[in-house]
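In this note's numbering, the protein residues as written are 1443 to 1632.
Here it is, written out as structure tokens:
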């Protein structure tokens, strides 16, 4: 399992861009609320730890994981955010419902990332058991919400940098900033 030997809550603030001027949306599923609240707490606390002011974090609740797509879409359209984190939890049951919900949510969030210019970060646990979800929402493996918040900061920064007229050069410097290289424009005579 991918998280078996990794604590999802660990990050190095020196490798994370400055986030104090970004606005984040978090759409939280009310289904499996114990888990989604743990994930939300991890995301919120990581954003605050990375100097995002609390008033720049917008939370919306939706009934279930399938509704995360619509909630994220509306947040993207109306809230002037730099990134959206969708938080949900789907646990395997005895029917194919698990497969349909997981596939639909995954594809829907992927579609939002393709269709819009604002990153949507996938923080939907798709576990076989409740214990696996507990372990990843503040339990022995840390908190996937924390990991999603750090991804949101990095993706918001990439979006910001990509909107500038300078190309990316190298990965993050130790300060968390991307190195930007000035490239002269060549004009050819006809």
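We put the CB at the ideal spot given by N, CA and C, even for glycine.
Distance between residue 1566 and residue 1459, taken at the CA atoms: about 24 Å. In the DSSP assignment, residue 1506 falls outside any alpha helix (DSSP H), carrying neither H nor E. As summarised for the stretch 1530-1586, the continuous alpha helix (DSSP H) elements at least 4 residues long and confined to that stretch are 1539-1557 and 1572-1577, given in chain order. For residue 1486, the enclosing alpha helix (DSSP H) stretches over residues 1475-1491.
The DSSP-derived three-state label of residue 1465 is coil. With a 10 Å radius around the Cβ and a threshold of 16 neighbouring Cβ atoms, residue 1449 comes out exposed.
The C-alpha of residue 1562 is placed about 15 Å away from the C-alpha of residue 1508. In the three-state scheme derived from DSSP, where H, G and I count as helix and E and B as strand, residue 1595 is classed as helix. Remark: C-beta atoms of residue 1470 and residue 1551 do not approach each other more closely than 7 Å. Distance from the Cα of residue 1535 is smallest, within the candidate group 1598, 1474, 1454 and 1571, for 1571. Within the same chain, 1455, 1458, 1461 and 1595 come within 7 Å of residue 1492 by CB-CB distance, once the 5 residues on both sides are set aside. By the 16-neighbour rule on beta-carbons within 10 angstroms, residue 1539 is exposed. The alpha-carbon separation between residue 1554 and residue 1472 amounts to approximately 21 Å. Below 8 Å, enough C-beta pairs join the stretch 1470-1490 and the stretch 1575-1589 to call them touching: three or more. Excluding residues up to 5 positions away in sequence, 1470 and 1472 lie with their Cβ nearer than 6 Å to the Cβ of residue 1503 in the same chain. Bridge pairing for residue 1525: 1466 [DSSP]. Nearest to residue 1499 by alpha-carbon distance, out of 1543, 1542, 1505 and 1487, is 1487.
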